[in-house]
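Participant: Here it is: the structure, laid out below.
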């Protein structure tokens with residue numbers, strides 16, 4: 001931003017002209033210079049314009065003061081010293097206009113290119129989606145075709161397995177049943193033998209005790225002794241009268257009486 005230079009009506013500021021002359025012949029060029037605001041122009045062009053007009057005013061005021069008439073010499077000086085200075089200013093203006101036009105063109109091209117690029121992107125996206133869908137359809141078709149080929153084989157395999165199972169099932173059942181039945185019978189026989197041994201032992205001991213007790217005098221204990229792990233005894237009870245001969249009632253009475261002392265006792 002250049003600083004405004006105020007020139008007098010004479011242009012040099014050395015000898016002011018009389019006020020009457022200034023009022024009669026106003027310096028329109030100076031008035032024009034005073035009205036120039038460099039800030040109204042783009043970049044530093046306002047300063048260039050203001051400077052050019054200021055120099056022109058100085059030249060004109062000096063020529064007027066010297067009383068130089070307009071002729072070839074003054075014309076050439078005007079052209080060489082001032083008018084040629086307009087060309088760079090015009091060139092700068094033209095360059096700015098061209099730059100603006102170029103920017104506008106680039107912007108329009110960019111916008112058009114953006115729309116075109118957007119359309120291309122949309123087309124590319126649609127093509128990708130179409131390819132993906134086509135691949136899925138092909139895969140589904142392959143799976144369906146494979147299933148169609150496999151279903152008859154599954155049916156054949158099912159039929160073959162059914163026949164094989166029907167043929168092998170009796171032998172399988174027999175094998176399993178015989179094995180389990182053998183184990184069950186063996187276990188049952190073992191338990192039965194043990195139970196028979198126990199029963200035989202108990203029966204023998206009861207019988208022997210009863211037999212010995214029958215032939216012994218009163219107050220003499222029998223010589224047979226059961227195993228110490230299972231102590232036994234024979235209790236001979238004579239009812240007082242005929243009303244006390246119910247076996248189950250008597251058994252219940254004695255079991256309750258004995259189990260009060262030992263819950264494991266049996267009668």
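In full-length UniProt numbering, the protein residues as written are 1 to 267.
Every residue, glycine too, gets a C-beta built ideally from N, C-alpha and C.
As the structure is a prediction and not an experimental result, all values here were calculated from the model.
Quick one: what's got a C-beta closer than 8 Å to residue 257's C-beta in the same chain, skipping five residues either side?
Facilitator: The residue you call residue 257 lines up with position 257 of the chain shown. Excluding residues within five positions, none has a Cβ falling inside 8 Å.
Participant: Out of 124, 57, 191 and 142, state which residue places its alpha-carbon closest to the alpha-carbon of residue 33.
Facilitator: In the chain shown, the residue the question calls residue 33 occupies position 33. Taking the Cα of residue 33 as reference, the smallest distance to any Cα among 124, 57, 191 and 142 is reached at 57.
Participant: At which residues does the alpha helix (DSSP H) containing residue 82 begin and terminate?
Facilitator: Translated into positions along the chain shown, residue 82 becomes position 82. Careful: residue 82 lies outside any alpha helix (DSSP H) and carries neither H nor E.
Participant: With DSSP as the reference, label residue 125 as helix, strand or coil.
Facilitator: Taking the first residue of the chain shown as position 1, residue 125 is located at position 125. Note: residue 125 maps to helix in three-state DSSP.
Participant: Three-state secondary structure (DSSP) at residue 94?
Facilitator: Locating residue 94 in the chain shown gives position 94, where the first residue counts as 1. Here residue 94 sits in helix by DSSP.
Participant: Taking the alpha carbon of residue 30 as the reference point, which residue from 54, 46 and 44 has its own alpha carbon closest?
Facilitator: Position 30 of the chain shown, counting from 1, holds the residue named residue 30. Checked all of 54, 46 and 44; the closest Cα to residue 30 is 54.
Participant: Across the stretch 122 to 138 and the stretch 65 to 77, are there enough close Cβ pairs to call them in contact, namely three or more that are closer than 8 Å?
Facilitator: Remark: fewer than three beta-carbon pairs, one from each stretch, lie closer than 8 Å, so the stretch 122 to 138 and the stretch 65 to 77 are not flagged as touching.
Participant: What residues in its chain sit with their C-beta under 6 Å from that of residue 44, if we drop five residues either side in the sequence?
Facilitator: As a working mapping, residue 44 is identified with position 44 in the chain shown. Counting only Cβ-Cβ distances below 6 Å, and skipping sequence neighbours, we find nothing.
Participant: What's the gap between the Cα of residue 15 and the Cα of residue 64?
Facilitator: Translated into positions along the chain shown, residue 15 becomes position 15. Translated into positions along the chain shown, residue 64 becomes position 64. For residue 15, the pLDDT reaches just 47, beneath the cut-off of 50, and the residue's location in the model is therefore unreliable, leaving the point undetermined.
Participant: Quick check on the DSSP output: the alpha helix (DSSP H) that includes residue 48 runs from which residue to which?
Facilitator: Taking the chain shown and counting its residues from 1, the one referred to as residue 48 is at position 48. Per DSSP, residue 48 belongs to the alpha helix (DSSP H) from 45 to 66.
Participant: Quick one: Cα of residue 309 to Cα of residue 183, how far?
Facilitator: Coverage of the chain is limited to positions 1 through 267, which leaves residue 309 absent and any answer about it impossible.
Participant: Measure the C-alpha to C-alpha separation of residue 250 and residue 244 and round it to an integer number of angstroms.
Facilitator: For the purposes of this step, residue 250 is taken as the residue at position 250 of the chain shown. For the purposes of this step, residue 244 is taken as the residue at position 244 of the chain shown. Each residue's alpha carbon lies about 8 Å from the other.
Participant: Locate the alpha helix (DSSP H) running through residue 257, then write down its first and last residues.
Facilitator: For the purposes of this step, residue 257 is taken as residue 257 along the chain shown, with counting starting at 1. Counting along the chain, the alpha helix (DSSP H) containing residue 257 begins and ends at 247 to 259.
Participant: Given this structure, state the Cα-to-Cα distance separating residue 52 from residue 84, to the nearest angstrom.
Facilitator: Position 52 of the chain shown, counted from the first residue, corresponds to residue 52. Position 84 of the chain shown, counted from the first residue, corresponds to residue 84. Cα to Cα, the separation comes out at about 10 Å.
Participant: Where do the N-terminal and C-terminal ends of the alpha helix (DSSP H) with residue 34 fall, by residue?
Facilitator: Against the chain shown, residue 34 aligns to sequence position 34. 28 to 34 is the span of the alpha helix (DSSP H), which, as asked, contains residue 34.
Participant: Closer than 9 Å, CB to CB, is residue 121 near chain D or not?
Facilitator: The structure shown contains no chain D; it is built from a single protein chain.
Participant: Per DSSP, what kind of secondary structure is residue 171 in: helix, strand or coil?
Facilitator: The residue you call residue 171 lines up with position 171 of the chain shown. Of the three classes helix, strand and coil, the one that applies to residue 171 here is helix, per DSSP.
Participant: Can you check which of these residues, 94, 59, 102 and 69, is closest to residue 81 by C-alpha distance?
Facilitator: Along the chain shown, one-based indexing puts residue 81 at 81. Of 94, 59, 102 and 69, the smallest CA-CA separation from residue 81 is found for 59.
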